[in-house]
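Quick note, the sequences are listed as chains Y and A, same order. Going by the UniProt record's numbering, the residue at position 119 of the first sequence is 119; the numbering climbs one at a time, nothing skipped. Going by the UniProt record's numbering, the residue at position 246 of the second sequence is 246; the numbering climbs one at a time, nothing skipped. For every residue, glycine included, the Cβ atom is placed at its ideal position computed from N, Cα and C. One structure is given here, and the rest of the page talks about it.
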Amino acid sequence: MKETPLSNCERRFLLRAIEEKKRLDGRQTYDYRNIKISFGTDYGCCIVELGKTRVLGQVSCELVAPKLNRATEGILFFNLELSQMAAPSFEPGRQSDLLVKLNRLLERCLRNSKCIDTESLCVVAGEKVWQIRVDLHLLNHDGNIIDAASIAAIVALCHFRRPDVSVQGEEVTLYTPEERDPVALSIHHMPICVSFAFFQQGTYLLVDPNEREERVMDGLLVIAMNKHREICTIQSSGGIMLLKDQVLRCSKIAGVKVAEITELIQKALENDQKVRKEGGKFGFAESIANQRITTFKMEKAPIDTSDVEEKAEEIIAEAEPPSEVVSKPVLWTSGTAQIGEGVENSWGDLEDSEKDEDEGGSDEAVILDKMKMDTGVEVSDIGSQDAPIVLSDSEEEEMIILEPDKNPKKISTQTSAKQEKAPIKKPVKRRKKKRTAN
Amino acid sequence: MAGLELLSDQGYRVDGRRAGELRKIQARMGVFAQADGSAYIEQGNTKALAVVYGPHEIRGSRSRALPDRALVNCQYSSATFSTGERKRRPHGDRKSCEMGLQLRQTFEAAILTQLHPRSQIDIYVQPLRGVVSLQVLQADGGTYAACVNAATLAVLDAGIPMRDFVCACSAGFVDGTALADLSHVEEAAGGPQLALALLPASGQIALLEMDARLHEDHLEWVLEAAAQAARDVHTLLDRVVRQHVHEASILLGD
């Protein structure tokens, strides 16, 4: 499905809100959304939720032959997939640009920064090494995929346990999890990506943009850091022009954010470790069961309304009084009159259901009074029965008096049913009666 | 790479340069007659060739046409003989795709696309012998820089208006000193590498890319070194362009 384009009003609204330093979900400029990390029953499986963006990470390992020019190092393989359930616009063939960008960024962030000790993955030099494969699946896209994906990848790697291997001379023994406890990977540090979105040619900046904000942004700067304040990757994209001090400022902000997120990750890993050791229940089923359906509540954003009254009074005082609206019936030819402008009928079939309505005479006056200028009523075929109508050739007829006693053959109103519902109470009841009778 | 000193005690690098020195740059514009614009650049051992076609009508689907600006299409193809082992697919792999995207992003910002609505500008870049991409897929800062510089010259050769030159350079950090314009040996050593594309007059950064671990405190120095190197590249490229125009005007008999 092609992505629905963002309307101009929404774009302008978002940009104006950002200029006034307001975000739609009530966050501050440098605030992250809530991060929730949950683990599966297997080691190496986790789901990270950044607000509503959800990424599933899964790590697996295999013994393979090493690369020719890196005979003593293990192999790391990363793959991020944008699942079709994440957004309606993700389709198997269409995602290439975004996919390439995200994958390359993840690869550079995790592989080039040497966060995992690949030498420790070597079993027999030149023959057998561990190949660690990290698969990430985007389950829901609400902006800022790269941050969520990097957190998921590093959490999954930290959580993963590989089978234990022992080498005695020429013999290599691979133990199953039952024989010997699996061994954790040796991870030097945890690089985490922080995204900065730029708006209005770099004047405004937001951390952790959600999906709407991503649509209106000019460009994105991603800085990957670890908690030791070492920058692992910087990538600017989207064609924005940056200045050196902007980049430096962003790196400082990133340092703070990464420290917070790393703490969160450590806590989550410890909790899971504790639960497994104590024999408690763990896994996705446990964490999902706790999500109850509650009312969706958002905090009210503070808005300054102190001068609203003055402004309103000013506007009222300065404005002219509204012009009197008199519905003047216009007679086109004999039998056809019009009150008001008339709106295009959007409910074509309703004409049939209203044909057999027997509009009581006393209600017509009510109907005519309540129909304002914008609801058009084309009254067809009044003519023959209503004798005392004064006709003249000019179309500017002042009044057509409909005698309340006579029943006009049919008033097929061409307004939609919605517009009739509110003002008319009696006829509605009658309609219902008719139907039950049938 | 044990025992290889990237920066000696006297401040000399492996190839004898100082920390802030660039490699020798030689460039030529107008190497192909049939293309609208073309350029060839040599930065030390890194060579790149760029060819520009455009602005012309949108090829392929008309729906991609932008009503108010030109579409910039960049393709990066590494020649099959430019790597240590012969690669079979020069186009579709992720690294070429990413390079193409980054080049496009850089030039979309620099070219005055509003002057050519509903048309397309194609930039094809090819690095040549001398750059070996290791299987660990290190960011080839040297390649990217050479490609951007070549593409700038080619776009100028084609006469497409740009905001400013786009000059790119790589920088690294070794032993507490920022190095400008990394050679292949220095890149392969695995230290932090930064690739920067700059519009010299305003100092605006069109693209910034960095790999490997660098402490936050050192970021400023590395950025500064890269920016200074890019400005030096600008001086050189400016001279090349003026020379080319001078030669062309002599031929026209002005």
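Worksheet item: Cβ of Leu185 of chain Y within 8 angstroms of Cβ of Leu56 of chain Y?
Response: Going by beta carbons, Leu185 of chain Y and Leu56 of chain Y fall outside the 8 angstroms limit.
Practice prompt. Give a yes or no on whether the C-beta atoms belonging to Gly172 of chain A and Glu186 of chain A are separated by under 8 angstroms.
Written response: The beta carbons of Gly172 of chain A and Glu186 of chain A sit closer together than 8 angstroms.
Worksheet item: By DSSP, does Arg133 of chain Y sit in helix, in strand, or in coil?
Response: If DSSP states are grouped into helix, strand and coil, Arg133 of chain Y belongs with the strands.
Practice prompt. Can you give me, in chain order, the residues of the segment 110-121 of chain Y that have a beta carbon less than 8 angstroms from any beta carbon in chain A?
Written response: Residues passing the 8 angstroms Cβ filter: Arg111, Asn112, Ser113, Lys114.
Discussion item. When you compare the CB positions of Ala197 of chain Y and Leu174 of chain Y, do they come within less than 8 angstroms of one another, or not?
Written reply: The criterion of a C-beta distance shorter than 8 angstroms is not satisfied by Ala197 of chain Y and Leu174 of chain Y.
Worksheet item: What are the residues of the segment 234-246 of chain Y that lie near chain A, defined by any Cβ-Cβ distance shorter than 7 angstroms?
Response: So the list reads Ile234, Gln235, Ser236, Ser237, Gly238, Gly239, Met241, Leu242, Leu243, Lys244, given in the order they occur along the chain.
Practice prompt. Taking only beta-carbon positions, decide if Leu252 of chain A is within less than 8 angstroms of chain Y.
Written response: Not an interface residue.
Item to complete: Give the DSSP-derived three-state secondary structure of Met210 of chain A in the structure shown.
Response: In the structure shown, the three-state DSSP call for Met210 of chain A is strand.
Discussion item. What would DSSP say about Lys274 of chain Y, mapped onto helix, strand or coil?
Written reply: It is helical.
Worksheet item: Quick check: the segment 102-110 of chain Y against the segment 103-118 of chain A, are there 3 or more CB pairs under 8 angstroms?
Response: No, the segment 102-110 of chain Y does not touch the segment 103-118 of chain A.
Worksheet item: Do the segment 203-219 of chain Y and the segment 187-207 of chain A make contact, defined as three or more Cβ pairs closer than 8 angstroms?
Response: Touching, no.
Worksheet item: Which bits of chain A does Cys232 of chain Y rub up against, with CB to CB less than 7 angstroms?
Response: Neighbours of Cys232 of chain Y across chain A, judged by C-beta separation under 7 angstroms: Arg213.
Worksheet item: At least one CB of chain A closer than 8 angstroms to the CB of Lys101 of chain Y: is that the case?
Response: By this cut-off, Lys101 of chain Y is an interface position.
Discussion item. Could you tell me which whole beta strand (DSSP E) segments of length 3 or greater appear in the UniProt domain "Exoribonuclease phosphorolytic" (32-163) of chain Y?
Written reply: With a minimum length of 3 residues, the unbroken runs of beta strand (DSSP E) contained wholly in the UniProt domain "Exoribonuclease phosphorolytic" (32-163) of chain Y fall at 35-39, 45-50, 53-64, 75-82, 122-124, 128-140.
Worksheet item: Phe13 of chain Y lies in the alpha helix (DSSP H); which residues open and close that run?
Response: Unbroken alpha helix (DSSP H) run through Phe13 of chain Y: 8-19.
Discussion item. Which residue wins for smallest C-alpha separation from Ala27 of chain A, given the options A:Asp211, A:Asn149, A:Gln228?
Written reply: It is A:Asn149.
Worksheet item: Is the CB of Arg212 of chain Y under 8 angstroms away from at least one CB in chain A?
Response: For Arg212 of chain Y, the answer is no, since every Cβ of chain A falls outside 8 angstroms of its Cβ.
Worksheet item: Quick one: is Pro88 of chain Y buried, meaning 16 or more other Cβ sit within 10 Å of its Cβ, or exposed?
Response: A residue is called buried when at least 16 other Cβ atoms come within 10 angstroms of its Cβ; Pro88 of chain Y does not meet this threshold and is exposed.
Worksheet item: Could you give the C-beta distance for Leu63 of chain Y and Leu82 of chain Y, rounded to a whole number, given that I count them as a contact under 8 angstroms?
Response: About 30 angstroms separates the Cβ atoms of Leu63 of chain Y and Leu82 of chain Y, ruling out a contact at the 8 angstroms cut-off.
Item to complete: Can you give me the start and stop residues for the alpha helix (DSSP H) that Arg62 of chain A sits inside?
Response: Counted as a single uninterrupted DSSP element, the stretch harbouring Arg62 of chain A is not any alpha helix (DSSP H), since DSSP gives it neither H nor E.
Fill in: Ser202 of chain A versus Glu73 of chain Y - alpha carbon distance
Their backbone Cα atoms lie some 45 angstroms apart in a straight line.
Worksheet item: Which bits of chain A does Ser251 of chain Y rub up against, with CB to CB less than 7 angstroms?
Response: Those within 7 angstroms of Ser251 of chain Y in chain A are Glu216, Leu219.
Worksheet item: So which of A:Gly16, A:Ser8, A:Leu7, A:Lys24 has the shortest CA-CA distance to Gly142 of chain A?
Response: Answer by Cα proximity: A:Lys24.
Item to complete: Please say whether Leu223 of chain A and Lys252 of chain Y have beta carbons closer to each other than 8 angstroms?
Response: It is not a contact, given that the beta carbons lie outside the stated cut-off.
Worksheet item: alpha helix (DSSP H) containing Arg69 of chain A: first to last residue?
Response: Per DSSP, Arg69 of chain A belongs to no alpha helix (DSSP H) and is neither H nor E.
Practice prompt. Rounded to whole angstroms, what's the CA-CA distance from Ala224 of chain Y to Ser195 of chain Y? Just pull it up for me.
Written response: So the two alpha carbons sit approximately 9 angstroms from each other.
Worksheet item: If you pair each beta-carbon of the segment 10-25 of chain Y with each one of the segment 124-139 of chain Y, do three or more pairs fall below 8 angstroms?
Response: Touching, no, given that fewer than three Cβ pairs across the two stretches are closer than 8 angstroms.
Worksheet item: Roughly how many angstroms lie between the CA atoms of Met1 of chain Y and Ala230 of chain A, to the nearest whole one?
Response: Going by the C-alpha atoms only, they are around 43 angstroms apart.
Worksheet item: Applying the criterion that 16 or more other CB atoms from any shown protein chain within 10 Å of the CB defines a buried residue, is Cys167 of chain A buried or exposed?
Response: With 16 or more Cβ atoms within 10 Å of its Cβ, Cys167 of chain A is classed as buried.
Discussion item. Taking the straight line between their C-alpha atoms, what separation do you get for Glu171 of chain Y and Asp9 of chain A?
Written reply: Each residue's alpha carbon lies about 48 angstroms from the other.
Worksheet entry | Chain-ordered neighbours of Gly255 of chain Y on chain A, where CB pairs are closer than 7 angstroms | Within 7 angstroms Cβ-Cβ: Glu216.
Worksheet entry | Contacts of Asp97 of chain Y in chain A (Cβ-Cβ under 9 angstroms) | In chain order: Cys97, Leu101.
Worksheet item: Should Leu248 of chain Y be flagged as near chain A, meaning a C-beta pair shorter than 8 angstroms?
Response: For Leu248 of chain Y, at least one C-beta of chain A is nearer than 8 angstroms to its own C-beta.
Practice prompt. Take Thr152 of chain A and list the residues in its own chain whose beta-carbon comes closer than 6 angstroms to its own, dropping the five residues that flank it on each side.
Written response: For Thr152 of chain A, where only same-chain residues beyond five positions count, the Cβ hits under 6 angstroms are Phe165, Val166.
Worksheet item: Counting contacts by CB-CB distance shorter than 8 angstroms, is Arg229 of chain Y in contact with chain A?
Response: With 8 angstroms as the cut-off, Arg229 of chain Y counts as an interface residue toward chain A.
Worksheet item: Which runs of the alpha helix (DSSP H) spanning at least 4 residues fall entirely within the segment 150-228 of chain Y, listed in chain order?
Response: As far as the segment 150-228 of chain Y is concerned, its whole alpha helix (DSSP H) runs of at least 4 residues are 211-216.
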